[in-house]
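Trainee: Quick one: this structure, given as structure tokens, is what I'll be asking you about.
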Amino acid sequence: MIFRTEKKFFNPIREHLQIVTRPVAPEARLWTIAEYLQQEAFNPHTSRALVFVTTRQQTEDLAEEFMLLQERWQGKVGFFHAGMSGEEREEAYRGFKSGELVILFATKAFGMGMDIPNIHYIFHYGPPSSLEDYLQEVGRAGRDPVLLEQAGFSTQHPIQCILFANAEDFKKVRDRLYRSQLPWIDLSTMQAQIHAYTLLKDS
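Numbering of the sequence shown is given in the numbering used here, commencing with residue 209 and proceeding in unit increments.
Dropping the structure here:
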């Protein structure tokens, strides 16, 4: 997808990233991630793996399940979401950056300001709510060109950004977006309350 700015055209998916969709059933996705990392010879000394999920509970449940699935990653898998305290999020971030944690399950709360230069494996457990979210999330991968090359990736051998999705997933996204929309009556009530509060504050 190409976007146009005032001065030039640019592609938000950089050349060292390749978008891959896989219609894997939800119950098989965790195993597919584990198998892919093994096949690709995931090296925790040079790379990190980031798995985006939708809910806070999923981050915790899947991190625990992954360690049970592959014991070699015991203590090396973490989670990150907005429901954690600031101290807990900072600890998870620092652990992921230092290599104490090498696989992280996260919601979109893992966002701006998260400077991890060697994320070379990135997965979406299901489709995100918007294209904007997706572009920002895959943009976390391969930010340091030197570390990218050292890990064996390049424009000729790009990072595969794997998105698990099927028809049922997109139906759930549509329903979730529909439920998140405020009815007009709620917006009108909110506007009236804000107006009333403003008048009270100014009186």
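In this text, a Cβ means the ideal position worked out from N, Cα and C, and glycines have one as well. Here the structure is a predicted model, which is why all the values come from computation and not from measurement.
So valine 259 is in the beta strand (DSSP E); what residue range does that whole segment cover?
Mentor: 256-260 is the span of the beta strand (DSSP E), which, as asked, contains valine 259.
Trainee: Quick check: the stretch 248-267 against the stretch 315-328, are there 3 or more CB pairs under 8 Å?
Mentor: yes
Trainee: Taking 6 Å as the limit between beta carbons, can you name the residues of its chain near alanine 290, skipping five residues before and five after?
Mentor: Closer than 6 Å at the Cβ level, and outside the excluded window around alanine 290, lie Ala317.
Trainee: Output the distance between the C-alpha atoms of leucine 276 and glutamate 298, rounded to the nearest integer angstrom.
Mentor: Spanning the two alpha carbons is a distance of roughly 25 Å.
Trainee: Can the beta-carbon of valine 285 be found closer than 8 Å to that of leucine 309?
Mentor: For the 8 Å CB-CB criterion, valine 285 and leucine 309 form a contact.
Trainee: Between the C-alpha atoms of threonine 229 and phenylalanine 288, what's the straight-line distance to the nearest angstrom?
Mentor: 24 Å
Trainee: Nearest-angstrom Cα distance between phenylalanine 274 and proline 234?
Mentor: 14 Å
Trainee: If you follow the beta strand (DSSP E) that alanine 314 is in, where does it begin and where does it stop?
Mentor: 311-314
Trainee: Run through DSSP, which three-state label would glutamine 247 get?
Mentor: helix
Trainee: With a threshold of 16 other CB atoms inside 10 Å of the CB of glutamate 296, please say whether the residue is buried or exposed.
Mentor: exposed
Trainee: With a CB to CB cut of under 6 Å and the five nearest residues on each side skipped, what residues in its chain are close to threonine 240?
Mentor: Val232
Trainee: Considering only heavy atoms of the ligand SAM, does any lie closer than 7 Å to the CB of threonine 363?
Mentor: Here there are no bound small molecules, and the ligand SAM is not part of this structure.
Trainee: So, for leucine 390: in the same chain, excluding its five sequence neighbours on each side, which residues have a beta-carbon less than 6 Å away from its beta-carbon?
Mentor: Model confidence at leucine 390 stands at a pLDDT of 46, short of 50, so the residue's coordinates are unreliable; what they give is reported in the following sentence. Nothing listed; no residue qualifies.
Trainee: Rounded to a whole number of angstroms, what is the C-alpha to C-alpha distance between proline 252 and serine 338?
Mentor: 30 Å
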